[in-house]
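Undergrad: To get this note's numbering, take the position in the sequence shown, counting from 1, and add 15. Idealized CB from N, CA, C, for every residue including glycine. From a predicted model like this one, the values you see are computed outputs, not experimental measurements. Please see the structure below; I have some questions.
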Amino acid sequence: MTRLIVENVHRIPSRPWVLVTGRLEGDQLSIGDELTVAHGEFPVATAVIRSIELHSPPGKTTIAIDADLADSVRDGVALIRD
């Protein structure tokens, strides 16, 4: 199992995505991967990785997901790929 534990969410009005930065546990992520958005043990949505940012801070991973998921993703939420 691969998990991205969300630490920051950035909205950019001119893009159709939100950028989600966090700590990655497990294997690498790829564009097109489908992730479950989980609040604790409760899955609330599904997200698809649209882009992976190459300029993340050391030890962090930043991905882009669809902007309509912005209200479901916040600090502490886990994005999980089984």
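Could you give the DSSP three-state label for Asp86: helix, strand or coil?
TA: What you label residue 86 is simply residue 71 of the sequence shown in a count that begins at 1. Reduced to three states, the DSSP call for Asp86 is helix.
Undergrad: Would the beta-carbon of His70 fall within 9 angstroms of that of Thr77?
TA: Here residue 70 corresponds to residue number 55 of the sequence shown, with the count starting at 1. Here residue 77 corresponds to residue number 62 of the sequence shown, with the count starting at 1. A contact, by the Cβ cut-off of 9 angstroms.
Undergrad: Which residue marks the beginning of the beta strand (DSSP E) containing Leu44, and which one marks its end?
TA: What you label residue 44 is simply residue 29 of the sequence shown in a count that begins at 1. Leu44 -> no beta strand (DSSP E), and no H or E assigned at all.
Undergrad: Can you say whether Ile27 is buried or exposed, counting buried as having 16 or more other CB atoms within 10 angstroms of its CB?
TA: Sequence index remark: in the sequence shown, residue 27 carries index 12 (1-based). By the neighbour-count rule (16 or more Cβ atoms within 10 Å), Ile27 is not buried but exposed.
Undergrad: Indicate the three-state DSSP secondary structure (helix, strand or coil) for Arg38 in the structure shown.
TA: Taking the first residue of the sequence shown as 1, we reach residue 38 at position 23. The answer is strand: DSSP assigns Arg38 an E or B state.
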